[in-house]
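Residue numbers (UniProt numbering): 1 to 180.
Heads up, the beta-carbon is just placed ideally off N, CA and C, and yes, glycines get one too.
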């Protein structure tokens, strides 16, 4: 059972209800994570804004989903791992092998592999990457814009991982557990 209440659209305050209605309209569902975030409309609005901005960025959906899978696996967040396995299949068009590889920080395509390796370095160093890691990412073809978005995607996913682990958000996706 979630440790933060799951705010229902019909009982939410006006601002939270409007935000949740936007989620429902955009996704066709209102995930429990957004219902938990609706305890603070500021948190939900911030999440939706950051997520929306990155979705309009240069990183393709398949790479954003791969990065999300890596971060969820590294942080042991089963809610996010479940959500991004589902979304990775549908939004990112990833197959089971690509999803498993992303969780390990791997991809067959060299540029995606470089982005995942850089993301893992960002995550494990808490942003304190070495010059050589940045150079390797650039040499693999990542632009500075893409590098910035990889860092931002890692940061967004760390937020959602920490939020869902703290809230112990009830998983409303097909359940996937992290590897220990």
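- Counting the other Cβ atoms within 10 Å of the Cβ of residue 135 gives fewer than 16, which makes it exposed.
- In this structure, residue 2 sits near residue 32, with a CB-CB distance shorter than 8 angstroms.
- The shortest C-alpha to C-alpha distance from residue 163 to any of 103, 6, 22 and 37 is the one to 37.
- Counting only unbroken stretches of 4 or more residues, the alpha helix (DSSP H) elements lying wholly within the region 103 to 164 are 110 to 124 and 131 to 139, in sequence order.
- Taking 8 angstroms as the cut-off, the beta carbon of residue 5 is found no closer than this to the beta carbon of residue 19.
- Contact between residue 158 and residue 43 is ruled out by a C-beta separation of about 15 angstroms, above the 8 angstroms threshold.
- Here the alpha carbons of residue 57 and residue 84 stand approximately 18 angstroms from one another.
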